[in-house]
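For reference, the structure discussed in these notes is given below.
Residue numbers (this note's numbering): 18 to 226.
See the structure below:
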């Protein structure tokens with residue numbers, strides 16, 4: 018008997034797919050891929066939920082993750098993806114929105130919530146920022162620094178290793194060609210960037226199809 022498995026993608030505007038008017042972002046590409054595989058009659062049904070909210074930090078995640086998980090809980094199993102950090106590490110009015118220690122404790126708390134519903138959890142790396150906005154205060158009043166990305170990604174890697182979770186390293190894939198893969202704002206991927214993220218993630222969801 019076929020199973021129905023849920024994939025829950027928590028994150029910010031990059032999870033949501035902002036700035037991609039062609040494909041709708043990496044998660045939406047994965048949604049279409051999983052649906053196509055199901056219609057081809059291969060394996061279990063994997064239903065993916067894009068739960069990305071623009072501008073969200075791990076503080077916002079903790080407010081909603083227990084409710085979102087309870088509302089979308091498949092008896093056959095859930096896969097949880099946590100994709101945070103680009104807003105947490107931003108500096109506004111000379112203060113980091115969520116400092117590294119708080120970020121670490123928030124991610125660990127979110128994992129504890131996720132474990133109540135899932136044995137399969139992935140942490141997703143933060144992308145590098147374009148050189149043109151590195152350390153620059155933009156119109157939103159936020160400043161993002163590439164050195165901080167390295168610090169926060171290391172926190173995610175360490176937690177993934179300690180807790181035996183998956184880690185999706187989009188950062189390394191983007192680093193050399195980031196100016197080609199990021200949109201004009203220097204934060205969000207463009208269509209090419211989102212497409213590359215989906216290519217990296219497809220082998221992960223293939224395991225559940």
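We treat Cβ as the ideally placed atom computed from N, Cα and C, and that holds for glycine.
Here the structure is a predicted model, which is why all the values come from computation and not from measurement.
message: Rounded to whole angstroms, what is the Cα-Cα separation between residue 216 and residue 109?
response: 34 Å
- prompt: Hey, which unbroken runs of the beta strand (DSSP E) at 3 residues or more fall wholly within the region 62-150?
  reply: 62-69, 95-100, 137-141
query: Measuring CA to CA, which of 147, 65, 33 is closest to residue 225?
result: 65
message: Within a Cβ cutoff of 7 Å, which residues of the same chain sit near residue 76, ignoring the five residues on either side of it in sequence?
response: 115, 123
- request: Starting from the C-beta of residue 34, find all residues in its chain whose C-beta is less than 6 Å away, skip the five residues before and the five after it, and write them out in chain order.
  value: 41, 42, 45
query: residue 235 to residue 128, Cα distance in whole Å?
result: Because the chain in this structure spans residues 18 to 226, residue 235 falls outside the shown range and cannot be described.
field: Inside the region 144-222 only - alpha helix (DSSP H) runs reaching at least 4 residues
entry: 163-179, 187-192, 195-198
- prompt: Should residue 69 go down as buried or exposed, given a rule of 16 or more other Cβ atoms within 10 Å for buried?
  reply: buried
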